[in-house]
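Just so you know, the sequences run in chain order A and H. Position one of the first sequence corresponds to residue 654 (my numbering), numbered consecutively onward. Position one of the second sequence corresponds to residue 654 (my numbering), numbered consecutively onward. For every residue, glycine included, the Cβ atom is placed at its ideal position computed from N, Cα and C. Since we're looking at a predicted model, the values are computed, not measured. Scroll down for the structure; my scribbles are underneath it.
Number of protein chains: 2
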Amino acid sequence: MTKHLQNDLDKLKKDLLAMGSMVEEAINRAIRALVAREPELAREVAAGDDAIDRKELEVEDACLKILALHQPVAGDLRYIIAVLKVNNDLERMGDLAGNIAERALFLSTHPPLEVDLDITRMLEAVRRMVRQSLDSLVTQDPDLARDVCLQDDEVDRCQRQMFDTLTQLMQRDSSTVERAVQMLSVSRHLERIGDSATNIAEDVVFMTEGEVIRHRPRTPKSAMPRSSR
Amino acid sequence: MTKHLQNDLDKLKKDLLAMGSMVEEAINRAIRALVAREPELAREVAAGDDAIDRKELEVEDACLKILALHQPVAGDLRYIIAVLKVNNDLERMGDLAGNIAERALFLSTHPPLEVDLDITRMLEAVRRMVRQSLDSLVTQDPDLARDVCLQDDEVDRCQRQMFDTLTQLMQRDSSTVERAVQMLSVSRHLERIGDSATNIAEDVVFMTEGEVIRHRPRTPKSAMPRSSR
Chain A
654 MTKHLQNDLD KLKKDLLAMG SMVEEAINRA IRALVAREPE LAREVAAGDD
704 AIDRKELEVE DACLKILALH QPVAGDLRYI IAVLKVNNDL ERMGDLAGNI
754 AERALFLSTH PPLEVDLDIT RMLEAVRRMV RQSLDSLVTQ DPDLARDVCL
804 QDDEVDRCQR QMFDTLTQLM QRDSSTVERA VQMLSVSRHL ERIGDSATNI
854 AEDVVFMTEG EVIRHRPRTP KSAMPRSSR
Chain H
654 MTKHLQNDLD KLKKDLLAMG SMVEEAINRA IRALVAREPE LAREVAAGDD
704 AIDRKELEVE DACLKILALH QPVAGDLRYI IAVLKVNNDL ERMGDLAGNI
754 AERALFLSTH PPLEVDLDIT RMLEAVRRMV RQSLDSLVTQ DPDLARDVCL
804 QDDEVDRCQR QMFDTLTQLM QRDSSTVERA VQMLSVSRHL ERIGDSATNI
854 AEDVVFMTEG EVIRHRPRTP KSAMPRSSR
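Structure (structure tokens):
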């Protein structure tokens, strides 16, 4: 590998990790706005998505330049393709954080829902997946990445539970419908953030080992149809 | 361009279009299962996602081989990168068709919702976007692609309307909650299919003109925050 290519790859990695940090921060802030009921923070997160979008374009542009200039092969080529995909997933996660912030804005300016949702468990699970997927990317650790994929089942279970609880709440008390629908959206967005973290982890496995683990049932549970979500 | 590269690109285009047809067919069948209340068809569509997933891996693999073997530059490189992204969006659309089919299965085995939803307008708008985005891909027509992006506002408007109608319905009649929540999901999945068609159209513009139109406000309307969705 030429020194020039190595420099460009190092710079790319730094940019991608910077983007990862921005997205992780946005998710954490959106969650805080929701849990602590802080409309101001929610507004800020919803407005902060532009910076992530700009970063996405920057990273993609850098990938294209490296491909055109250095025409990398084998492991380096796989790496660039994986970066392009991770970049895309990070941007989507940023969008989802913005969406959660919008729901948090609504929910924090309306009376709290009197229901036991155990949202903390879901939040923690998603936050751990995001953190770990980014860690596996930094350290290029396929085992850590595989572990992320396994955690997705826990998030899906939480989502199903929230779905049932919120549906029952709306049936019991029609004054909760608007807020419960917003909270349902939050849980779906969280689930999709978990999905994106899984995608990133799958790309890390591909990056480091050249093995495609996408679209493979992980456990009998995860092979279930998505009907119940 | 070598003859070998041209052959590989032709084969790639054929594969991508085959995948596009599979996805379009899945969306149309999911919609038919929903509208005509056909549980058997819904089950079939939900089960058919594997073939699309396999096709996605095939297309991606072909892209990587072309990059590694021919090390294309300029327009050809841009084309391959765009194919990778379109491929990813098509796979997501296939997933969403499967999700709609799951909802259609639930809804077609429960009494119909007695409410005027104007879902036909949304279905038609989404179907047109999907068709046109694939057409713009086949014909490499950036103007047609730009037109797809403009149509996304119409889909968003339909989604907001369905959201309002369904929320009011649940408030009025608690016996509708379960079905209305499923229908809300359908409308969100449709909106996301529209988003993916927009992504594909944006990639066609990039493919053909090298211009990035992503993350640009299209009209004042489309620059609105997503809060109301």
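query: Would you mind working out which of Leu776/A, Arg707/A and Lys667/A sits nearest Gln804/A, comparing C-alpha positions?; result: Leu776/A
query: For Pro692/A, does the three-state DSSP call read helix, strand or coil?; result: helix
query: Are the CB atoms of Val830/H and Met823/A within a distance shorter than 7 angstroms?; result: yes
query: If we ignore side chains and look at the alpha-carbon of each, how far apart do Ile846/H and Asn752/A end up?; result: 17 angstroms
query: Evaluate Asp796/A with the Cβ neighbour count: other Cβ atoms within 10 Å of its Cβ, from every protein chain shown; 16 or more gives buried, anything less gives exposed.; result: exposed
query: Taking Leu737/H and His868/A to be in contact with their CB atoms under 8 angstroms, please state how far apart those CB atoms are, rounded to whole angstroms.; result: 16 angstroms between Cβ atoms; not a contact.
query: Counting contacts by CB-CB distance shorter than 7 angstroms, is Met823/H in contact with chain A?; result: yes
query: Considering only residues of the stretch 691 to 736 of chain A, which uninterrupted alpha helix (DSSP H) runs meet the minimum length of 4 residues and lie entirely inside it, listed in chain order?; result: 692 to 700 and 702 to 723
query: Terminal residues of the continuous alpha helix (DSSP H) containing Arg780/A?; result: Ile772 to Thr792
query: Contact criterion: CB-CB distance below 7 angstroms. Does Pro873/H meet it with respect to chain A?; result: Summary for Pro873/H: the model assigns pLDDT 41, below 50, so the residue's position carries little reliability; its value from the coordinates is reported in the next sentence. Not one chain A Cβ lies under 7 angstroms of Pro873/H.
query: Using DSSP with H/G/I as helix, E/B as strand and the rest coil, what is Ile684/H?; result: helix
query: Residues of chain H with CB under 8 angstroms from Asn741/A, in chain order?; result: Lys738 and Asn741
query: Determine the burial state of Glu855/H: buried for a count of at least 16 other Cβ atoms within 10 Å of its Cβ, exposed for fewer.; result: buried
query: For Glu744/A, which residues from the same chain have a beta carbon less than 7 angstroms from its beta carbon, with the 5 sequence-adjacent residues on both sides left out?; result: Ile705, Asp706 and Glu709
query: Can you pull the chain A neighbours of Thr762/H, defined as C-beta to C-beta under 8 angstroms?; result: Ordered by position in chain A, no residue passes the 8 angstroms Cβ test against Thr762/H, which lies about 11 angstroms from the chain.
query: Less than 7 angstroms between CB atoms is the rule here; does Gly673/H satisfy it with respect to chain A?; result: no
query: Three or more beta-carbon pairs under 8 angstroms between the stretch 784 to 791 of chain A and the stretch 778 to 785 of chain H, yes or no?; result: no
query: Taking 7 angstroms as the threshold (beta carbon to beta carbon), is Asp856/H in contact with chain A?; result: no
query: Keeping to the same chain, check which residues put their C-beta closer than 6 angstroms to that of Pro878/H; ignore five residues upstream and five downstream.; result: Residue confidence for Pro878/H is low, a pLDDT of 37 falling below 50, so the modelled location carries little weight; the figure read from the coordinates is stated next. No residues qualify anywhere along the chain.
query: Leaving out five residues on either side along the sequence, give the residues of the same chain with a beta carbon under 8 angstroms from the beta carbon of Thr818/H.; result: Val768, Asp769 and Leu770
query: Could you give the residue range of the alpha helix (DSSP H) that holds Pro765/A?; result: No alpha helix (DSSP H) holds Pro765/A; DSSP gives it neither H nor E.
query: Of all the residues that make up the stretch 692 to 717 of chain H, which are near chain A by a beta-carbon distance shorter than 7 angstroms?; result: Ala699, Asp706, Leu710 and Leu717
query: What does a CB cutoff of less than 6 angstroms around Met675/A pick up in its chain, not counting 5 residues either side in sequence?; result: Ile705
query: Identify the continuous alpha helix (DSSP H) that holds Glu864/H and give its terminal residues.; result: No alpha helix (DSSP H) contains Glu864/H, which DSSP labels as neither H nor E.
query: In chain order, what residues of the same chain lie with their CB nearer than 6 angstroms to the CB of Arg690/H, ignoring the 5 residues before and after it?; result: Ser761
query: Asn740/H and Val712/H: beta carbons closer than 7 angstroms?; result: yes
query: Mind listing the chain A neighbours of Gln724/H? Cutoff is C-beta to C-beta under 7 angstroms, in chain order.; result: Gln724
query: Where does Leu665/A fall in DSSP's three states?; result: helix
query: So with CB distances below 7 angstroms, who are the chain H contacts of Ala750/A?; result: Here the premise fails: no neighbours, minimum Cβ distance about 12 angstroms.
query: Compute the Euclidean distance between the alpha carbons of Arg825/H and Ser827/A, then round it to the nearest angstrom.; result: 7 angstroms
query: How is Thr655/H classed by DSSP in three states: helix, strand or coil?; result: coil
query: So what's Asp616/A in DSSP terms, helix, strand or just coil?; result: What is shown of chain A runs 654 to 882, which leaves residue 616/A out entirely.
query: Can you pull the chain A residues whose beta carbon is under 7 angstroms from the beta carbon of Ile719/H, in chain order?; result: Near Ile719/H there are no residues of chain A at all, since even the closest Cβ is about 11 angstroms away, more than 7 angstroms.
query: Can you grab the Cα-Cα spacing for the pair Glu844/A / Val779/A, in whole Å?; result: 8 angstroms
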